[in-house]
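Inspection log for the structure reproduced underneath, given as structure tokens.
Protein chains in written order, with this note's numbering: chain W, 1 to 463; chain G, 1 to 251.
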């Protein structure tokens with residue numbers, strides 16, 4: 001089954017699932033209230049967006065310079081940097097470190113980049129135990145499914161489902177209290193932190209000026225992941241770079257506000273190296289893996305380059321009418337929602353993923369929500385155009401050629417109209433059956449009847 | 001060619017075409033033919049009036065009037081810090097004297113039944129620990145992780161308090177390492193009034209002035225107790241880190 005079929009199939013199922021809809025609408029309504037409240041704390045949200053967009057523009061359009069600055073400073077403080085052109089190279093770099101350290105167990109904090117390169121599968125295939133420590137990620141890991149949303153991985157589950165899951169997988173008693181459920185996970189994961197040999201994290205920003213990796217989280221799981229294991233590995237995309245430390249004063253509140261409706265996320269931590277002389281704890285070694293994985297192809301498209309400005313806040317998912325109806329898993333990609341629909345064709349090939357450009361009502365809610373002003377809905381249109389230019393389906397091409405001929409010849413146009421008027425009454429005999437020529441439309445919508453008289457004819461009668 | 005050179009090479013090749021600065025041009029009608037590209041301005045040139053500090057003193061607040069304010073006067077800043085803390089469920093208490101703070105600390109120890117305390121050597125913490133008189137694990141220079149995990153509370157100093165966000169700034173060098181402020185179930189911060197700064201920008205500047213270029217390996221803004229909303233978006237405190245965050249403000 002192609003990715004496009006998979007999408008349609010699952011979308012058809014999920015859009016009719018009222019339970020799913022209720023759950024997502026409730027969660028996102030709560031988010032909207034908090035987000036609006038926090039946005040009001042900004043005297044001028046629009047100017048903040050403009051500034052964030054400009055700083056990201058500067059970073060991405062001088063990526064070579066800033067990336068080299070970042071790496072030079074990191075390496076100067078004893079961090080080992082690995083450059084990975086592809087997902088496979090990134091997996092190999094990480095597997096290499098894990099093998100060298102003869103690691104047994106690995107604790108991981110949330111990293112969408114790791115989902116992108118299917119890191120957990122690769123590690124598990126080699127026999128290593130990898131445990132997700134973010135509560136939402138831990139829940140979906142126990143269910144053997146990918147995260148539903150880039151910020152809220154388990155938002156599609158009810159407390160009862162989570163309780164059943166913990167009961168089945170961890171042997172805990174059933175409970176309806178989110179607090180008790182959280183404590184069950186806390187107890188299990190505590191031991192994992194203490195015994196893990198390796199901690200793997202993602203990153204939110206890479207500061208060129210000071211050679212720091214900034215990680216944003218609420219639970220403290222990334223703090224522990226980077227404090228207790230002897231080896232720390234951080235995986236990040238090359239587009240995470242920002243020029244200066246002071247830029248965090250702008251991005252941290254914006255990420256928190258747009259992403260989760262918070263003033264600031266619980267822990268915002270900047271790492272500049274492994275344990276330094278005289279420090280109490282921290283990893284003996286730190287490996288930073290820089291991932292390209294076709295980001296440079298997106299960079300080479302000036303029209304859509306700003307998609308690399310993305311700070312992965314998830315705001316565009318939350319406001320997208322398509323995401324809210326089809327849900328996160330339907331996309332079948334690491335990055336879902338509008339931003340995922342824009343970048344996936346670049347990262348994984350337009351041919352197989354062009355259908356995502358149609359997963360949009362072009363309402364522009366995503367573009368308006370984006371804290372770094374990515375022109376998301378126009379990029380979806382551009383991807384549609386690019387897909388047609390690259391390889392338009394024969395039938396579609398013929399159909400448009402036929403339409404062009406008819407539309408250019410008034411007699412043919414008149415004839416087509418007459419045909420339509422004559423035959424439309426018989427349409428109901430085949431309506432929504434296999435013989436229905438307009439089935440793609442009529443399956444979910446009504447076909448309006450053609451007017452008895454065209455405007456031209458009416459005008460003629462008035463003369 | 002190494003992966004590093006390959007990636008940097010691809011980036012340089014890609015950047016030979018320039019992209020418009022957001023908000024300055026807008027492609028409403030996507031066209032297959034890109035307009036001719038103007039030369040790329042040098043690094044840093046994209047920061048127009050918005051991002052360039054204009055006043056050297058407290059540039060963060062002055063250059064970013066559109067960010068949530070942290071307050072101008074110390075009284076405003078303290079008010080803002082307290083309001084943010086209330087929302088975050090951080091317990092904040094201000095004391096007239098160090099002795100009063102120590103007395104409250106002993107009360108807390110009894111109320112919460114502290115058995116072991118973890119801390120680090122610094123003026124405020126040393127004084128508090130001797131006033132408490134409980135078995136104490138000092139993390140400076142290394143410690144057994146299992147022992148720290150058993151402690152009832154981690155008592156630390158901080159580098160700054162941020163009025164704008166209700167955050168506490170800690171580092172791996174000044175506050176006992178990376179785990180002390182997140183592993184025990186209660187994190188208690190001893191701060192001086194003078195450590196209150198208006199906003200994140202000011203806190204970052206302060207850290208830079210104090211440490212650059214010999215940065216501690218970790219600096220962290222702690223904003224409230226550890227929290228999660230991963231189950232039905234319902235707030236739960238103490239997801240992995242401390243369930244309680246307490247800030248004592250000393251004169």
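Cβ coordinates follow ideal geometry from the N, Cα and C atoms, glycine included.
Everything numeric in this text was worked out from a predicted model, so none of it was measured.
Non-local beta-carbon contacts of residue 254 of chain W in its own chain, meaning distances under 7 angstroms to residues more than five positions away in sequence, involve 48, 52, 371 in chain order. As the crow flies, the alpha-carbon of residue 443 of chain W is around 26 angstroms from that of residue 404 of chain W. Membership of residue 6 of chain W in the alpha helix (DSSP H) is indicated by the continuous run 3 to 15.
If you look at residue 271 of chain W, you'll find it in the beta strand (DSSP E) that goes 267 to 271. Residue 10 of chain G sits in a helix when the DSSP states are folded into three classes. In the DSSP assignment, residue 218 of chain G forms a beta bridge with W:271. For residue 147 of chain W, there are no neighbours in chain G by C-beta distance under 8 angstroms, as the nearest C-beta there is about 11 angstroms away. The Cβ atoms of residue 78 of chain W and residue 302 of chain W do not sit closer than 8 angstroms to each other. Here the C-alpha atom of residue 82 of chain G lies approximately 58 angstroms from the C-alpha atom of residue 389 of chain W.
Note that the C-beta distance between residue 155 of chain G and residue 182 of chain G is not below 8 angstroms. With respect to chain G, the C-beta atom of residue 8 of chain W has no partner C-beta closer than 8 angstroms.
At a cut-off of 4 residues, the continuous stretches assigned as alpha helix (DSSP H) that sit fully inside the region 183 to 216 of chain G are 200 to 211.
Apart from sequence neighbours up to five positions away, the residues of its chain that approach residue 160 of chain W with a beta-carbon distance below 8 angstroms are 176, ordered along the chain. Counting only Cβ-Cβ distances below 7 angstroms, residue 136 of chain W has contacts in chain G at 230, in chain order. Setting aside the 5 residues that flank it on each side, residue 64 of chain W has no residue in the same chain whose C-beta is closer than 7 angstroms to its C-beta. Exposure of residue 44 of chain W is indicated by the presence of fewer than 16 other C-beta atoms within 10 angstroms of its C-beta.
Taking 8 angstroms as the cut-off, the Cβ atoms of residue 376 of chain W and residue 322 of chain W do not count as close. Against residue 6 of chain G, the close residues of chain W are 85, in the order they occur along the chain (beta-carbon pairs closer than 7 angstroms). Between the region 13 to 33 of chain W and the region 220 to 237 of chain G, the count of C-beta pairs closer than 8 angstroms reaches three or more; the two stretches touch.
The C-beta separation of residue 197 of chain G from residue 191 of chain G comes to about 11 angstroms, leaving the pair out of contact by the 8 angstroms criterion.
The C-beta of residue 230 of chain W comes no closer than 8 angstroms to any C-beta of chain G.
The continuous alpha helix (DSSP H) containing residue 185 of chain W extends over residues 178 to 195. In this structure, the CA atom of residue 298 of chain W is about 37 angstroms from the CA atom of residue 206 of chain G.
For residue 84 of chain W, there is no enclosing alpha helix (DSSP H); the enclosing beta strand (DSSP E) has its first and last residue at 80 to 84.
Where residue 412 of chain W is concerned, the enclosing alpha helix (DSSP H) starts and stops at 410 to 430. In the structure shown, residue 246 of chain G adopts extended strand secondary structure according to DSSP, grouped into three states. In summary, residue 241 of chain W is buried, with 16 or more beta-carbon neighbours lying within 10 Å of its beta-carbon over all protein chains present.
When CB distances to chain G are screened at a threshold of 7 angstroms, the residues of the region 281 to 292 of chain W falling below it are 281, 282, 292, in chain order. A direct Cα-to-Cα measurement between residue 121 of chain W and residue 141 of chain W gives close to 11 angstroms. In this structure, the beta-carbon distance from residue 225 of chain G to residue 244 of chain G falls below 8 angstroms.
Of all residues in the region 121 to 137 of chain G, none has a C-beta nearer than 8 angstroms to a C-beta of chain W. The Cβ atoms of residue 105 of chain W and residue 217 of chain G do not sit closer than 8 angstroms to each other. The Cβ of residue 140 of chain G sits closer than 8 angstroms to at least one Cβ of chain W.
Per DSSP, the continuous alpha helix (DSSP H) segment holding residue 222 of chain W begins and ends at 221 to 225. The three-state reading of DSSP puts residue 212 of chain W in strand, counting E and B together.
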